[in-house]
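Our numbering puts the first residue of the sequence shown at 21, with every later residue one more than the last.
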Amino acid sequence: MTTLLISVQSDLDVIGLRALHEFLLARGEDSTLVFMPTLDDEQEGTLRGLDRFVAERKPLIAGVSLMSPEHQNAATVTSMLRARHPGLPIVWGGVHPTCDPENSLESADWICVGEGETSMLDLVRAAREGRSFKDIPNIGWMEDGVYRQNPPYPLVQNLDTLPPLSRIPRNAHVALPSGVVPLDEPVFRRYARYMGRNYATITSRGCPYECAYCVNSLYTRLYPGWKVRRRSVDHLIGELERVVSESPDIVYVNFHDDCFLACGMEYLREFREKYKARVGRRFIARTAPAYVTEERLELLKDAGLSWVSVGLQSGSDRVCREVFCRRSTREKFLQAAALIHRFKIAAFYDFIFDNPWESEEETLETVTAIMETPKPYHAELFSLVFYKGSALRRRAEEEALPILEDPRKKDYFILQRRRINDLAETAVKLPLFLMKPLLAQYRRNPDALLTRILLQSAKWSCRLFFTPISYFQLIQMSHGGSLRETAAVLPMYFKTAFSRYYLRQITRTKSTE
């Protein structure tokens, strides 16, 4: 084994590392991909299993992919590899090393910033030939206490030159306390999200937006001319046709593009025709309000669009424009949500709270926008994170704003202990005829005992009654109203969505109340 690629995420939907693994294999390299889904729960045993595997296989180089919330897991794995396998070069890649390179090099020997396929191929060949890594584009390292960084390779413009993904990649394994085992069908179904019946892939790279809180605001500085690059429909459909042929019980194809609809109508028409004829599965997509039109939804609903994700982030147009640098408005979001509701497409919407540049009244604008959004829908309520490298982090530092939480450790699903955040969470599920008087009471006196009692009662009514009903309605909507299909997929949702979304709210309460 020449190359060991390690995922420290808790699930197997790791598109970037899967793509890198497939790229190396397609170029004739001996790459092995190891997932570590039990690392959080059974760390000691899982690390022992990986240690034995590395000792047996003796890779020439190891790569670890991570985002900022996975920093601690990546550091733990790297520390074990350093101690047990001295001399093994360890490279970190992904979003976190790109955003926070010097911190990453406190653990890793080398980092790879930005798109890493060609750079990783160079690293693998240099490791095999005993050459230095210091002349490889995209690579960073520390030298005499100074951070060094090579310029990046140009972006891959033609995504069709990259190999398609696979549901269960070749040479893939899972590290368990009992040891590292091959990733076969039973193991995949046990550890994959949604029991392995949700296939994750992308159709494009890049985003048409540069939101200030997002890593895309960094990529626009790293890569002049950063834009959306898209696979051809035939390249995409070829991958999906093979995957559903090999795994006919796949229920959803989950497109993880930053903005799936950032394309022309001709592309969408070709996609609709070929996807419907050759893939025929319901699918999930993410987009922005500006791209939600009646013509687009009609095409995609016919093709199988079942769930769609759209972000508002703040109900205040000033905050969206001046703080988040979003070219979107509350009115456009509500128009998009109304269209999505009319087409009976299940929706999940994003909102950001705990924003120091947002006034109480502007947060209440978000609460009222949540109330005006047609139900049912699922909402992701995020606590604002100041990620290193983002435009918003730079602004906070320039204004000497206290950054109280380390983005490597912060759980962005846990909101600050504020009554207005409870009000927002309640507004997602509580019926409007109950929510309006609750909001009126909050406006009269947010600190009154009556307000606290009513709010806590409403919040727990939502969690115990209205939320389960809403989830069932959404799942049924995503399956065209069919009770039979809904009943068939409930176990899949119960395993993943229930634990990730519903129980997370309960955990959030224990953490904040």
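Glycine included, every Cβ here is placed at the ideal spot set by N, Cα and C.
Q.
If you reduce the DSSP assignment to three classes, tell me which class Asp-50 lands in.
A. In the sequence shown, counting from the first residue as 1, residue 50 sits at position 30. Three-state DSSP puts Asp-50 in coil, outside helix and strand.
Q: Entirely within the region 260-337 and at least 3 residues each: give me those beta strand (DSSP E) ranges in chain order.
A: 272-275, 302-307 and 325-333
Q: Go ahead and label Gln-496 buried or exposed: buried means 16 or more other beta carbons lie within 10 angstroms of its beta carbon, across all protein chains shown.
A: By one-based count along the sequence shown, residue 496 stands at place 476. Classification for Gln-496: buried.
**Q.** Rounded straight-line distance, which links the Cα of Cys-119 to that of Ala-481
**A.** Against the sequence shown, residue 481 aligns to sequence position 461. Against the sequence shown, residue 119 aligns to sequence position 99. First, the amino acid is wrong: residue 481 is Ser here, not Ala. C-alpha separation (whole angstroms): 41 Å.
Q | Candidates Arg-346, Asp-33, Glu-445 and Leu-332, of which the one nearest Ala-232 by Cα | A | Stepping through the sequence shown from its first residue, residue 232 is reached at position 212. Closest by alpha carbon: Arg-346.
**Q.** For Gln-493, the three-state DSSP class (helix, strand or coil)
**A.** Residue 493 sits at position 473 when you count from the first residue of the sequence shown. Note: Gln-493 maps to helix in three-state DSSP.
Q. So, are the CB atoms of Val-235 and Tyr-369 less than 8 Å apart?
A. Residue 235 sits at position 215 when you count from the first residue of the sequence shown. Residue 369 sits at position 349 when you count from the first residue of the sequence shown. Going by C-beta atoms, Val-235 is not nearer than 8 Å to Tyr-369.
Q | Neighbourhood of Asp-278 by C-beta distance below 6 Å, restricted to the same chain and skipping five residues each side | A | Counted from its first residue, the sequence shown places residue 278 at position 258. The residues are Cys-227.
Q: Assign Asn-441 to buried or exposed, taking buried as 16 or more other Cβ atoms, counted over all protein chains shown, within 10 Å of its Cβ.
A: The residue you call residue 441 lines up with position 421 of the sequence shown. Counting Cβ neighbours within 10 Å, Asn-441 comes out buried, since at least 16 surround it.
Q.
Can you look up Pro-202 in the DSSP assignment and give me helix, strand or coil?
A. Walking along the sequence shown from the start, residue 202 turns up at place 182. Strand, per DSSP.
Q. So what's Asn-441 in DSSP terms, helix, strand or just coil?
A. Translated into positions along the sequence shown, residue 441 becomes position 421. DSSP places Asn-441 in helix when its eight states are reduced to three.
Q: Identify every run of the alpha helix (DSSP H) within the region 93-160, keeping only runs that are complete inside it and at least 4 residues long; order them along the chain.
A: 115-119, 121-124 and 137-149
Q. Going straight from the alpha carbon of Ala-220 to that of Leu-317, what length do you get?
A. Taking the sequence shown and counting its residues from 1, the one referred to as residue 220 is at position 200. Taking the sequence shown and counting its residues from 1, the one referred to as residue 317 is at position 297. Between Ala-220 and Leu-317, the C-alpha separation is close to 21 Å.
Q. Nearest-angstrom Cα distance between Thr-332 and Ala-367?
A. Stepping through the sequence shown from its first residue, residue 332 is reached at position 312. Stepping through the sequence shown from its first residue, residue 367 is reached at position 347. Sequence inspection shows Leu at residue 332; the Thr mentioned does not correspond to that position. Rounded to whole angstroms, Leu-332 to Ala-367 spans 13 Å at the Cα level.
Q. Which stretch, first to last residue, makes up the alpha helix (DSSP H) that contains Phe-406?
A. Here residue 406 refers to the residue found at position 386 when the sequence shown is read from its first residue. Run containing Phe-406: none; DSSP gives neither H nor E here.
Q. Which residues mark the beginning and the end of the alpha helix (DSSP H) in which Phe-73 is found?
A. For this step, residue 73 is matched to residue 53 along the sequence shown. Start and end: 63-77.
Q: Using beta-carbon positions only, say whether Leu-59 and Thr-66 come within less than 8 Å of one another.
A: What you label residue 59 is simply residue 39 of the sequence shown in a count that begins at 1. What you label residue 66 is simply residue 46 of the sequence shown in a count that begins at 1. Yes, the pair counts as a contact, with Cβ atoms nearer than the cut-off.
Q) For Leu-540, which residues does DSSP report across the bridge? A) Summary: the structure shown does not reach residue 540, with the chain confined to residues 21 through 533, and so no result is reported for it.
Q | Own chain, CB closer than 7 Å to Ala-416, minus 5 neighbours either side, in chain order | A | For the purposes of this step, residue 416 is taken as the residue at position 396 of the sequence shown. So the list reads Phe-406 and Ile-423, once near-sequence residues are dropped.
Q) Measuring CB to CB, does Ala-212 end up less than 8 Å from Asp-31? A) Within the sequence shown, numbered from 1, the residue matching residue 212 stands at position 192. Within the sequence shown, numbered from 1, the residue matching residue 31 stands at position 11. In contact: Ala-212 and Asp-31 (Cβ atoms closer than 8 Å).
**Q.** Contact belief for Val-299 with Val-339 at Cβ below 8 Å, rounded distance in angstroms
**A.** Taking the sequence shown and counting its residues from 1, one reaches residue 299 at position 279. Taking the sequence shown and counting its residues from 1, one reaches residue 339 at position 319. Actually they do not touch by this definition, with Cβ atoms about 39 Å apart.
Q: Evaluate Ala-103 with the Cβ neighbour count: other Cβ atoms within 10 Å of its Cβ, from every protein chain shown; 16 or more gives buried, anything less gives exposed.
A: Residue numbering aside, residue 103 sits at position 83 when the sequence shown is read from its first letter. It counts as exposed.
**Q.** Stretch pair the region 448-462 + the region 421-436: three plus CB contacts closer than 8 Å
**A.** no
Q) What do you reckon, are the CB atoms on Leu-354 and Glu-392 nearer than 8 Å? A) Taking the first residue of the sequence shown as 1, we reach residue 354 at position 334. Taking the first residue of the sequence shown as 1, we reach residue 392 at position 372. Yes, they are a contact pair.
Q. Between the C-alpha atoms of Gln-92 and Phe-153, what's the straight-line distance to the nearest angstrom?
A. Looking up residue 92 in the sequence shown gives position 72. Looking up residue 153 in the sequence shown gives position 133. Their backbone Cα atoms lie some 25 Å apart in a straight line.
Q. Do the CB positions of Val-97 and Leu-24 come within less than 8 Å of each other?
A. Position 77 of the sequence shown, counted from the start, is the residue given in the question as residue 97. Position 4 of the sequence shown, counted from the start, is the residue given in the question as residue 24. It is not a contact, given that the beta carbons lie outside the stated cut-off.
Q.
From the DSSP secondary-structure annotation, give me the bridge partner or partners of Ser-224.
A. Here residue 224 corresponds to residue number 204 of the sequence shown, with the count starting at 1. Answer is Arg-250.
Q) Three-state secondary structure (DSSP) at Asp-180? A) Position 160 of the sequence shown holds residue 180. The answer is helix: DSSP assigns Asp-180 an H, G or I state.
Q. DSSP on Glu-400, reduced to helix/strand/coil?
A. Here the question's residue 400 lines up with position 380 in the sequence shown. In this structure, Glu-400 counts as strand in the three-state DSSP scheme.
Q) What distance in whole Å lies between the Cβ atoms of Pro-183 and His-193, which are believed to be in contact at a cut-off of 8 Å? A) Position 173 of the sequence shown, counted from the first residue, corresponds to residue 193. Position 163 of the sequence shown, counted from the first residue, corresponds to residue 183. The Cβ separation is near 19 Å, so there is no contact.
Q. Is the Cβ-Cβ distance between Met-140 and Leu-44 less than 8 Å?
A. Mapped onto the sequence shown, residue 140 falls at position 120. Mapped onto the sequence shown, residue 44 falls at position 24. A contact, by the Cβ cut-off of 8 Å.
Q | Cutoff 7 Å; reference Pro-394; Cβ partners in own chain excluding five residues on either side | A | Translated into the one-based positions of the sequence shown, residue 394 becomes position 374. Ala-357, Ala-358 and His-361, listed in sequence order.
Q | Three-way DSSP call (helix, strand, coil) for Leu-59 in this model | A | Residue 59 sits at position 39 when you count from the first residue of the sequence shown. Here Leu-59 sits in coil by DSSP.
Q: With DSSP as the reference, please indicate the residues paired to Asp-370 in a beta bridge.
A: Numbered from its first residue, the sequence shown carries residue 370 at position 350. Answer by DSSP bridge pairing, in chain order: Gly-331 and Glu-400.
Q. Considering only C-alpha positions, which residue in the set Ser-403, Ser-127 and Phe-280 is nearest to Ser-334?
A. On the sequence shown, residue 334 is found 314 positions in, with the first residue counted as 1. Among Ser-403, Ser-127 and Phe-280, the Cα nearest to that of Ser-334 is on Ser-403.
Q: Please classify Lys-530: is it buried, with 16 or more other beta-carbons within 10 angstroms of its beta-carbon, or exposed?
A: On the sequence shown, residue 530 is found 510 positions in, with the first residue counted as 1. Here Lys-530 scores only 42 on pLDDT, less than 50, and its place in the model should not be relied on; the value that follows carries that caveat. Lys-530 should be labelled exposed.
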